[in-house]
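Visitor:
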Amino acid sequence: MPVFAGAEPVIDGTTVSFTLVPRTLNDSDIQVFNGVPAQSGDWRSIAISQSTGAGPTCTATFVGNGVLLTAAHCVVLGNNRFASSIRIGPFKYRCAVDDAYLSTKEMPSVRHPADYALCLAEPYGDKVPDEFLHLVWDTLDLRAVAKDDVLMVAGYGCVSWAFNPSTGHISEAAHEKILAVGDFKVNALQVDTFSSESDGKTLSALCAGDSGGPAFSGVNAMKPGGARTIRGVASRRRIDQSTVVSYFASLSSARFTQFLACWKKANPTAYVNVKPAVPNVQEASACVSTL
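Going by the numbering used here, the first residue of the sequence shown is number 1, and it counts up by one from there.
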C-alpha cells in the first residue's frame, strides 16, 4: 500500500503563499451557493492561497497546532516530484503528501486520488501576530463516509458559472475574494475518494479555487456554526454529459489512515485534532511506498 512521502528539500521560489480568511474577508464577502451569508468567525480555521486577478486559488484548513490540511495538487506544482512549502504571514509550513501522488500520474491534472497534504509549521521564535492567536482547529474524522450522506464543502472558488449541458463547457465567473459553502449528497464511493453529482445549475459543485477545501459533516449551509468534522478534501471535478461530478479525497480510506499514522511517526511532537485515534506505526518499513 502506498503511504507516505515526507517533505523533500524545497527549491527556492516554490513556496505557495496563503492568507487567513478573517484577515482577508469581511462578513459580507462570505457567501453560500443558496445566497445565505455565513459569519466570518465561523471560518477562523480556513486559509486561502493568494493569487492575482482571476488566477487559480486553493483552500486549506488548520487541523492542529501549526498543522494545515489541503490538496496535494495545491503544493505539488507542475511536474515536481516534491511538495512545496506554504507561507502564511511570518510562518512557513513544510508539506508532506502521499508517495502514491508523487509517483504516479493516473489523471491529467490531479495525479492520483490520494489528493491530500499535511503541512507543519517550522519553529518560529518571534512574537506571534494577534490573528494567529485566535485560530480554531477543525477535526479530521476517519469514520467511513456512506452513500447519501449530506456534507458541506467550503472553498475559495467561484460562486457562479454559465454551464452548457450539451457541450459540457463551463464558463466560470471571475474569482472574487469570496468563501463559498454549499451542501451536497454523496452519490458514489471509491477506494480513495467519494463523489457527488450536480446539474451544474441548482446543486452545489466544486469550482476552480475550491481545491483543498474541507468537506464537513455536522453542519450545513443554513446552519454552518455547529460542531463539525472534516470527512474529505475537495480534489477535482469532471463533466459527464449534463452532470458535474465533484470528487473528494476521503479521510476514511485505509490509505489516508496509514499516511496520517506515518506522518505522526515522522512528526512526533505535532498535535493534530483527529477522531478516532490513529493506530501507531511500529515498523519504519510500513511507511515505505510499495505502490
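Glycine included, C-beta positions come from ideal geometry on N, C-alpha and C.
Contact defined as beta carbons within less than 8 Å: I believe D115 pairs with Y93. What is the distance between those atoms, to the nearest angstrom?
Guide: Contact doesn't hold; Cβ gap of about 18 Å is too wide.
Visitor: Inspect the beta-carbon positions of T59 and G212 and report whether they are closer than 8 Å.
Guide: yes
Visitor: Is the Cβ-Cβ distance between V300 and V278 less than 8 Å?
Guide: This structure leaves residue 300 out entirely; the chain is present only between 1 and 291.
Visitor: Is it buried or exposed, L251, if we count other Cβ atoms within 10 angstroms and call 16 or more buried?
Guide: L251 counts as buried, since no fewer than 16 other beta carbons sit within 10 angstroms of its beta carbon.
Visitor: Quick one: grab the DSSP three-state call for I101.
Guide: Reading off the sequence, residue 101 comes out as Tyr, not Ile. The answer is helix: DSSP assigns Y101 an H, G or I state.
Visitor: Does the distance from the CB of G232 to the CB of A215 come in under 8 Å?
Guide: yes
Visitor: Relative to the C-alpha of D130, which candidate in S204, F194, R44 and P113 has its C-alpha closest?
Guide: R44
Visitor: Report all residues from its chain with a CB closer than 6 Å to the CB of R236; omit the five preceding and five following residues, and keep chain order.
Guide: Contacts found: V110 and Y247.
Visitor: With a cut-off of 8 Å on the beta carbons, I'd call S204 and V145 a contact; round off their distance for me.
Guide: Incorrect: roughly 16 Å between the Cβ atoms, too far for contact.
Visitor: Please go through the same chain and pick out, in chain order, the residues whose beta-carbon is closer than 6 Å to the beta-carbon of L135, but skip the five residues on each side of it.
Guide: R44 and F62
Visitor: Quick one: complete alpha helix (DSSP H) runs, 4+ long, within the stretch 59-140?
Guide: 72-75 and 99-103
Visitor: When you compare only the Cα positions, how much space is there between D42 and M222?
Guide: 13 Å
Visitor: On the DSSP letters alone, give me the boundaries of the alpha helix (DSSP H) that A151 sits inside.
Guide: Checking the sequence shown, residue 151 turns out to be Leu, not Ala. Where L151 is concerned, there is no enclosing alpha helix (DSSP H), although the beta strand (DSSP E) it sits in stretches over V150 to G155.
Visitor: So T193 is in the alpha helix (DSSP H); what residue range does that whole segment cover?
Guide: First-last for T193: T193 to S198, but that is the beta strand (DSSP E), not the alpha helix (DSSP H).
Visitor: Compute the distance between the beta-carbons of V149 and S217, then report whether it is under 8 Å.
Guide: Note that residue 149 is Asp in the sequence shown, not Val. Yes, they are a contact pair.
Visitor: Have a look at the DSSP bridge pairing and note the partners of T229.
Guide: S217
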